[in-house]
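Below: the structure, in structure tokens.
There are 2 protein chains.
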Amino acid sequence: MKNILEELRIKNGFTQQELAEKLEVSRQTIISLEQGRYNPSIILAFKTARLFGLTIEEIFIYEEG
Amino acid sequence: MKNILEELRIKNGFTQQELAEKLEVSRQTIISLEQGRYNPSIILAFKTARLFGLTIEEIFIYEEG
DNA sequence: TACAAATGTCAAGCTAGCTTTACTTTTATT
DNA sequence: AATAAAAGTAAAGCTAGCTTGACATTTGTA
Numbered sequence: 001m002k003n004i005l006e007e008l009r010i011k012n013g014f015t016q017q018e019l020a021e022k023l024e025v026s027r028q029t030i031i032s033l034e035q036g037r038y039n040p041s042i043i044l045a046f047k048t049a050r051l052f053g054l055t056i057e058e059i060f061i062y063e064e065g
Numbered sequence: 001m002k003n004i005l006e007e008l009r010i011k012n013g014f015t016q017q018e019l020a021e022k023l024e025v026s027r028q029t030i031i032s033l034e035q036g037r038y039n040p041s042i043i044l045a046f047k048t049a050r051l052f053g054l055t056i057e058e059i060f061i062y063e064e065g
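Chains A and B supply the protein sequences, listed in that same order.
Each step along the first sequence adds one to the number in the numbering used here, with nothing skipped, and position 62 is 62.
Each step along the second sequence adds one to the number in the numbering used here, with nothing skipped, and position 3 is 3.
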């Protein structure tokens, strides 16, 4: 899974800390997601989509398997 | 999170076992999801959406929190 | 009504997603 | 160049999502 989290965060002028707070997760989680270290839970994906006014599919890109 | 998995499964004439195989998970996982015992991983949500030709948002309904 | 297929329950174990804490490196501004 | 803010790294611990296996119940149909 790829994602455009960092791009969206910067486009919206947020720091990692600010984004973490808005999504109610730790800054570590933001870092890990931006770096593709692991995938978000579906709850976090929903919260992220809602925050940026996009669909999950627009933010998190599933690579076929 | 609510979901319409069971409805989709029956509408498409699948048993839990068949759906499990198509989604490459165990039958237990299908049961647990249908019963709302836990949420799917985002990967499983993507696979499910792809299988039924719907979006994640159409199958899994996030209840605000 | 017997039998098989489908569904459900229980429990123990593994790993991915997330947390916290503490420290280092990079980037920007003065 | 000094400082502070932002971003990155590392590691240990917790829990949700998933697995396997064994057994019980429900449903459908011969």
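Backbone N, C-alpha and C fix where the C-beta goes; we use that ideal spot for every residue, glycine too.
Remember, it's a predicted structure, so these values are computed and weren't measured experimentally.
Taking 7 Å as the Cβ-Cβ cut-off, the region 44-65 of chain A approaches chain B at ALA45, PHE46, THR55, ILE56, GLU57, PHE60 and TYR62, given in chain order. Burial of ARG9 (chain A) is indicated by the presence of at least 16 other C-beta atoms within 10 angstroms of its C-beta. In chain order, MET1, ASN39, PRO40, SER41, ILE42, LEU44, ALA45, ILE56, PHE60 and TYR62 make up the part of chain B whose C-beta sits under 9 Å from the C-beta of ILE42 (chain A).
With contacts defined by Cβ atoms closer than 7 Å, GLN17 (chain B) and ARG27 (chain B) form a contacting pair. In the three-state DSSP reduction, PHE60 (chain B) falls in the strand class (E or B). Closest in C-alpha terms to GLU24 (chain A), from the list A:ALA45, A:ASN12 and A:ILE4, comes A:ALA45. The three-state reading of DSSP puts SER41 (chain B) in strand, counting E and B together. ASN3 (chain B) and ILE43 (chain A) do not touch by the CB rule: their CB atoms are close to 13 Å apart, not below 8 Å. Here the alpha carbon of GLU6 (chain A) sits roughly 15 Å from the alpha carbon of GLY53 (chain A). Take LEU33 (chain A), set aside five residues on each side of it, and the residues of its chain with a beta-carbon closer than 7 Å to its own are ASN3, LEU5 and PRO40, in chain order.
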